[in-house]
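Data first, discussion second: the structure below is written as structure tokens.
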């Protein structure tokens, strides 16, 4: 636009010089004024060029201003939206604050319950280890009992064999005793006959006036019974009043010492849980007060492995 104005101004000045008659009247003055006018026209052209540049810059600045105004309006709208969003988020925060506090409290309770569960798990691990020890001891006792049963079975077999042998010996001795009794009976009869003959002879001698004298016979001592010889594989009968496990190094009477330690649980908000109840104390077990099946259990689960 500025270039078009400058070209039109130059065309107008050229036509003005061509149509005017001043140069024919005042040639010198016209030449000087023409030079001055040319300078002024050149300066005016420069000014017009600068003005056109300024106009272009003003147009650019107007465009920038318009764009900035639009951007300011957009930013103002965005600011309003953000303020609205902040207000909504503040309200949402105020609404969520009680829920956050409740969830935090629930988290604390869950952490406490987790700690209690871990403590119970450790206690159960200790119980499991102790039960493993008790099972190992019972296995050793069972091995000892099996060995004892095997020994008793062998002894029973030996006793049966010995009983059969002794029965045979008793039968033989009974037969011999019957023979001896029969012989003693015959000897008694013969002795009675001899005594009768002796009395007749004594009476006959007394009738003849002779006092008979009996010879002094040695006294017969009854022989003392000699014990029968013991067999080589003889084993004495065990005394059943003794404890068969008193020499067992792994033996421990489960009714004198409880295999479970005394467990204690702190009070917690979940005390109504039947699996979290503390163990109930029972009166101490007295060995003379009842059967060993009545021993109170010290387990927190109210179970006695010996019941």
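Numbering (our numbering), first residue to last: 629 to 935.
All residues carry an ideal CB built from backbone N, CA and C; glycine is no exception.
Classify residue 803 as helix, strand or coil using the three-state DSSP reduction. For the purposes of this step, residue 803 is identified with residue 175 of the chain shown, where counting begins at 1. If DSSP states are grouped into helix, strand and coil, residue 803 belongs with the helices.
Quick check: what's the CA-CA separation for residue 833 versus residue 840? As a first step, residue 833 is located in the chain shown; it is residue number 205 there, counting from the start. As a first step, residue 840 is located in the chain shown; it is residue number 212 there, counting from the start. Their backbone Cα atoms lie some 7 Å apart in a straight line.
Any idea what DSSP makes of residue 707, helix, strand or coil? For the purposes of this step, residue 707 is taken as the residue at position 79 of the chain shown. Residue 707 falls in the helix class under three-state DSSP.
With DSSP collapsed to three states, give me the class of residue 841. Locating residue 841 in the chain shown gives position 213, counting from the first residue. Correct three-state label for residue 841: coil.
Does DSSP put residue 684 in a helix, in a strand, or in coil? The residue you call residue 684 lines up with position 56 of the chain shown. Residue 684 falls in the helix class under three-state DSSP.
Do the CB positions of residue 637 and residue 676 come within less than 9 Å of each other? Along the chain shown, read from residue 1 onward, the residue named residue 637 stands at position 9. Along the chain shown, read from residue 1 onward, the residue named residue 676 stands at position 48. In contact: residue 637 and residue 676 (Cβ atoms closer than 9 Å).
Through-space distance from residue 790 to residue 784, alpha-carbon basis: As a working note, residue 784 is residue 156 in the chain shown. As a working note, residue 790 is residue 162 in the chain shown. Each residue's alpha carbon lies about 9 Å from the other.
Consult DSSP for residue 717 and reduce its assignment to one of helix, strand or coil. Within the chain shown, residue 717 is the residue found at index 89, counting from 1. DSSP places residue 717 in helix when its eight states are reduced to three.
Classify residue 836 as helix, strand or coil using the three-state DSSP reduction. Sequence index remark: in the chain shown, residue 836 carries index 208 (1-based). Residue state, collapsed to three classes: coil.
Using the C-alpha atoms, what's the distance from residue 774 back to residue 740? Working through the chain shown from its first residue, we reach residue 740 at position 112. Working through the chain shown from its first residue, we reach residue 774 at position 146. Roughly 50 Å separates the two Cα atoms.
Buried or exposed for residue 931, please, with buried defined as at least 16 other CB atoms from any protein chain shown within 10 angstroms of its CB. The residue labelled residue 931 in the question sits at position 303 within the chain shown. Residue confidence is low: residue 931 scores 49 on pLDDT, short of 50, so the model does not pin down where it sits. Its coordinate-derived value is still stated next. Label assigned to residue 931: exposed.
Between the C-alpha atoms of residue 782 and residue 772, what's the straight-line distance to the nearest angstrom? Position 154 of the chain shown, counted from the first residue, corresponds to residue 782. Position 144 of the chain shown, counted from the first residue, corresponds to residue 772. Taking the straight line from one Cα to the other gives about 15 Å.
Which same chain residues end up closer than 8 Å to residue 750 when comparing Cβ atoms and leaving out the 5 residues on each side of it in sequence? One-based indexing of the chain shown puts residue 750 at position 122. Nothing listed; no residue qualifies.
Cβ neighbours of residue 721 in the same chain (closer than 6 Å, five flanking residues each side left out): Against the chain shown, residue 721 aligns to sequence position 93. Hits under 6 Å: none found.
Between the alpha carbons of residue 674 and residue 680, how many angstroms are there, rounded? For the purposes of this step, residue 674 is identified with residue 46 of the chain shown, where counting begins at 1. For the purposes of this step, residue 680 is identified with residue 52 of the chain shown, where counting begins at 1. Residue 674 and residue 680: Cα-Cα distance of roughly 10 Å.
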